[in-house]
Every structure is written in C-alpha cells, then in structure tokens.
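Report on the following structure.
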Amino acid sequence: MRGDFGQRYGPWALVAGASEGLGAAFAHRLAGAGLNLILAARREQPLAALAEQLPTRTITVSADLATTDGLDRVVEAADGLAVGLVVANAAYSPIGRLIEMDPAETTRALDLNCRMPLRLAHDFLPAMAARGRGGFVVMSSLAGLQGSPPISVYAATKAFGAILAEGLWAELRGAGVDVVTCVAGAVATPNLAGAKGRPAPGTQTPDQVARTALRGLGRGPRVIPGLTMRFSSALMSRLLPRRTAIAVIARASRDLSPPSAG
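Position one of the sequence shown corresponds to residue 217 (the numbering used here), numbered consecutively onward.
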C-alpha cells in the first residue's frame, strides 16, 4: 500500500462484512496500516475475536446489513468519527434455479449486495468529498461479467456493484476520493466454497485479494486479483461468444455449496 495510506484514508475505516475470510483480511491489512476500524457483520462472536487480534482501536457492530435497521446501526456507530475508507464486502449468494427459490432469498441478495453499498455510499462519501480525501472499495465478482447459473441473482447483483463503483470513480476522482471495484474470482473463504473441496485454478487467499483491492485505490476504477483471473476475465468478456461464456460458468459452478451472508 502507498506510504501515505493512513493519512489519505484514515483515521477510521469501515469494513462491512468483517466476521471472517476476506473481511477479516481487510481488517488486518487496514489495522496494519494504522487505521482504526469499525467492523460490521451479523455474528457478534467472530467480530469480537477479530477485534482482539487487531492493534488499533476497534468498534464492532453486530447487525444484519441486509436490513435498514442494521445499516442504521452501522451509521450510528460511525457518528462523530472521521471515516476515510469504506469497504463494502458483505455479500449473499442464493444458489439454485430461480424458479425453485424462495423470493425472500433473492430479495436478501438484492438488499445486501446492492442496497448495502449504495446506502454506505450515500452516508459516507459526501463527508469524504468535503474533506478532499477518502476511499471506497466495492467487492464484486467475475460471476458478474455474464449470466452465471446457478448463481444468476448473485451475478446480477455483483454486476450492479461493479458498475456503481466505476461510475462513482468518475464522479469523485476530481474531489480527491478514490473509488475502486475489486472483481474477484475464486477466493479461499467459507463463502461460495466448492462442495467437493477442490480449489479452482487461480484461487486467491483472502489476504491476496485484500492487498490487491487496497493497492488499487487511486489507480483506476477496477482491479482483478491474480493473473489467472485477469486472463479468465478477458477470455469470458471479450473473446468467447456470450453463450459459450455462460456455458463455461455453468459448468464451473456445478459444485457450489450455499454460503452464509456476511
């Protein structure tokens, strides 16, 4: 990360979806850079355990980020603090055929994956722009580059997040606020784990992905962690016919197991 990272993006950072995996990796990276942290996720115990490992000041917020009340609690926890960086990491992926799903599951994916980063953008970006510095990271997925059965709803929500971040990057770059979307491929976390336990080619560790995302701040609107995943992105979005790309994703996603919502 850049040498002035703490000065540019501190003194406080918010990580939404911080209980484990990628969110925890972001927390460790940011605390290592000297930032104080607001850690938000549903499960209180993992948040408390993570906070004990970090060297900087930490506030934990146990809240369902797919709900208005949960997001209100996060915003209230940050009241009066100079939040210079937001990481919108929490996500939920219902798996299966849409016509066989409970609408409550797909609505939850929409609320957490789309409304959550949008709400955090509304609540935190104006103050960053007024200060003339800050950062906003939206986690997205290679699944969002095309239709991705059996995670079609998740893929669509991740496309929303990526496009939102790219637009915000253009809107705010002149105000000194850096926005980036990190379009990740396979990440070795409990979420979206392969049922057979075989890592996909190019699978990245949470720390590798967090490092790439944070290094991407101020460098452009989009980063893709890992050479293998950058090649896959180019192949799927530019070289293969659309129907072929969708078929490849469908085949690669056959063994997905249901994740938890961060």
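Glycine is no exception: its CB is placed at the ideal position from the N, C-alpha and C atoms.
Keep in mind that this is a model prediction, so the values were computed, not measured.
C-beta contact flag for residue i and residue j at 9 Å
i: Ala519; j: Val302; result: The requested residue 519 does not occur in the structure, where the chain is confined to residues 217 to 478.
i: Gly377; j: Val354; result: yes
i: Val396; j: Phe352; result: yes
i: Leu334; j: Leu380; result: yes
i: Leu263; j: Ala426; result: no
i: Ala372; j: Pro437; result: no
i: Met332; j: Leu287; result: yes
i: Tyr225; j: Gly350; result: yes
Same chain only: Cβ atoms within 6 Å of residue i, ignoring 5 sequence neighbours per side
i: Gln420; result: Val403, Pro441, Gly442
i: Leu434; result: The sequence shown places Gly at residue 434, not Leu. Asp394, listed in sequence order.
i: Cys398; result: Met355, Ala429, Val439
Sheet register partners of residue i (DSSP bridge)
i: Asp394; result: Gly351
i: Gln420; result: Val403
i: Arg459; result: None, per the DSSP bridge assignment.
i: Val290; result: In the DSSP output, where bridge partners are listed per residue, Val290 has none listed.
i: Ala229; result: Leu253, Leu301
i: Ser356; result: Val399
i: Ile275; result: Ile254
i: Val425; result: Answer is none; Val425 lacks a bridge partner.
Chain C contact for residue i (CB, 9 Å cutoff)
i: Leu314; result: Absent from the structure is chain C; it holds one protein chain and no more.
Cβ-based burial, residue i [other Cβ within 10 Å; buried from 16]
i: Arg459; result: exposed
i: Arg470; result: exposed
i: Thr323; result: exposed
i: Ala411; result: With a pLDDT of only 40 at Ala411, under 50, the local geometry of the prediction cannot be trusted, and no value is derived from it.
i: Ala359; result: buried
i: Arg245; result: buried
i: Leu455; result: exposed
i: Leu451; result: exposed
i: Thr274; result: buried
i: Glu260; result: exposed
i: Ala243; result: buried
i: Ser453; result: exposed
i: Pro417; result: exposed
i: Thr272; result: buried
i: Gly348; result: exposed
Cβ neighbours of residue i in the same chain (closer than 7 Å, five flanking residues each side left out)
i: Leu328; result: Leu281, Ala282, Ala306, Ala307, Tyr308, Ala477
i: Met217; result: Ala249, Leu430, Arg431
i: Glu321; result: Pro310
i: Ser364; result: Ala371, Ile465, Ser469
Same chain only: Cβ atoms within 8 Å of residue i, ignoring 5 sequence neighbours per side
i: Thr405; result: Glu236, Gly237, Leu238, Pro422
i: Gln362; result: Ala371, Met452, Ser453, Arg458, Ala461, Ile462, Ile465
i: Ala375; result: Ser356, Gly360, Leu361
i: Gln424; result: Pro441, Gly442
Touch test, the stretch 220 to 236 against the stretch 249 to 257, Cβ-Cβ under 8 Å, three pairs minimum: yes
Kindly confirm or deny that the stretch 364 to 372 and the stretch 307 to 314 touch, where touching means at least three C-beta pairs closer than 8 Å. yes
Check whether the stretch 261 to 270 and the stretch 279 to 298 touch, using three or more Cβ-Cβ pairs below 8 Å as the test. no
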